[in-house]
Amino acid sequence: MELVVNSTEDSKKPIVAAVEGLALGGGLELALGCHACVAAPKAQLGLPELTLCVIPGFGGTQRLPRLVGKSKAVEIMLTSKLIMSEERQKLGLIDAIVSSKKLY
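Whatever position you read off the sequence shown (first residue = 1), add 11 for the working numbering.
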């Protein structure tokens, strides 16, 4: 999975993540490796690995702080908080909120 995320991030062609529903753990880490991310209004993002006593394993601990800043990234990871609604866009986790119909 780490190879997939790294290859996605390093791609010369733009790759856009389209999130509908949950993007937790590896799902969010894959989205973080994309060049852009759009999400449906009810999409939920997060890195809940600490609830399982593990750390994000596919580069999320490196990519998340680049987008949201170090202190917010630490808060998201340590609390395993799900990020919903407009907060995702304010934080810079997604580029746009779009209707589910427009995701595909």
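Each residue gets a CB set at the ideal place from its N, CA and C atoms; glycine is no exception. Here the structure is a predicted model, which is why all the values come from computation and not from measurement.
### Beta-carbon separation (whole angstroms), E13 vs G70, contact threshold 8 angstroms
6 angstroms
### Task
Could you pull the start and end residues of the alpha helix (DSSP H) that V84 belongs to?
The question names Val, yet the displayed sequence has Ala at residue 84. A84 -> alpha helix (DSSP H) spans 81 to 90.
### Query
With distances taken between CB atoms, is the gap from G36 to E60 smaller than 9 angstroms?
Contact flag set, yes.
### Query
Cβ atoms of L75 and I66: under 9 angstroms apart, would you say?
no
### Task
Give the DSSP bridge partners of C48, in chain order.
A28
### Query
Ends of the beta strand (DSSP E) at L58?
L58 -> no beta strand (DSSP E), and no H or E assigned at all.
### Query
Should C64 go down as buried or exposed, given a rule of 16 or more other Cβ atoms within 10 Å for buried?
exposed
### Rounded C-alpha distance that separates T90 from E97
19 angstroms
### Message
Taking 8 angstroms as the limit between beta carbons, can you name the residues of its chain near V27, skipping five residues before and five after?
### Response
C45, H46, A47, C48, V49
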